[in-house]
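Reviewing the structure listed below.
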Amino acid sequence: MEILPLSNVSLKIKGKKASLVVDPQVIREKVEADGIVILTQEDFAAAKIEGARVVLRGPGEYEVSGIKISGVKVGGHLVYKLHVDGINIALTTGSATEGLKDQLSDHHILILYADAAIDSSIVATLEPRVVLFYGQQAKDFVKDGVSTAKFFITKEKLPEKMETVILQ
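Numbering (our numbering), first residue to last: 496 to 663.
Here is the structure:
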């Protein structure tokens with residue numbers, strides 16, 4: 496699986512069978528999404544995404560091209576749980592971390608959009624193997640972490656201890 500930023504607020508997650516785009520608000524060029532677009536906020540649009548068969552805008556259970564997706568509301572924020580290539584991923588914003596303790600368990604990767612300060616004790620209780628931060632403020636909120644332009648991972652190569660990654 497490959498995870499890469501498309502802009503300060505948008506990501507692409509590419510699995511073996513399909514890829515999806517998260518929050519395509521300020522993307523300069525057209526991007527192929529193999530049918531899946533996830534919107535975490537109402538003001539985001541899917542206009543620059545080619546091949547978008549499904550646009551997910553809220554809570555619910557979905558399965559598209561072998562990717563299982565579950566969206567839930569936590570304190571007014573959307574949290575998406577994804578299952579891609581055998582890896583469980585939680586996708587949300589830093590401002591939603593307060594309510595995550597009771598909502599998430601057994602996720603290999605926690606992807607956080609750095610829109611607010613993040614309580615590291617809450618992240619630690621979730622016990623993800625990888626915490627991946629993205630967004631313009633990611634470097635302001637995360638002091639220790641490896642910076643990279645793209646993140647590649649397979650289930651077999653998940654680290655034993657939690658690693659912090661900043662997507663630039």
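All C-beta atoms, glycine included, are put in the ideal place defined by N, C-alpha and C.
For a quick check, are the C-beta atoms of V532 and V516 less than 8 Å apart? yes
In the DSSP assignment, find the unbroken alpha helix (DSSP H) run with A619 in it and report its ends. 615 to 621
Find the nearest neighbour of G589 within the set L573, S514, T643, V579, judged by alpha-carbon distance. L573
Straight-line gap, K638 to K656 (C-alpha atoms, nearest Å): Distance from the CA of K638 to the CA of K656, rounded to the nearest whole angstrom, comes to 18 Å.
Quick check on DSSP: helix, strand or coil for E556? It is a strand residue.
Under 6 Å Cβ to Cβ from P554, same chain only, skipping five residues before and after it: list those, please. G566, V567, K568
Whose C-beta lies closer than 8 Å to the C-beta of A612 among residues of the same chain, with five residues either side of it excluded? G589, F636
Extent of the continuous alpha helix (DSSP H) run through A585: Where A585 is concerned, there is no enclosing alpha helix (DSSP H), although the beta strand (DSSP E) it sits in stretches over 582 to 588.
E655 CB to nearest chain C CB: under 8 Å? Absent here is chain C; the protein component of the structure consists of one chain.
Measuring CA to CA, which of V625, S615, A633 is closest to P654? V625
Need the endpoints of the alpha helix (DSSP H) that G634 sits in, please. Checking the sequence, you will find Lys at residue 634 rather than Gly. DSSP places K634 inside the alpha helix (DSSP H), whose first and last residues are 633 to 636.
Three-state secondary structure (DSSP) of K652: K652 sits in a helix when the DSSP states are folded into three classes.
With a 10 Å radius around its C-beta and 16 neighbouring C-beta atoms as the bar for buried, classify S600 as buried or exposed. It counts as exposed.
Endpoints, beta strand (DSSP E) assigned at K507: Bounds of the beta strand (DSSP E) holding K507 are 506 to 509.
Reference S642; option with closest CA among I582, T659, A513: That would be T659, whose Cα lies nearest to the Cα of S642.
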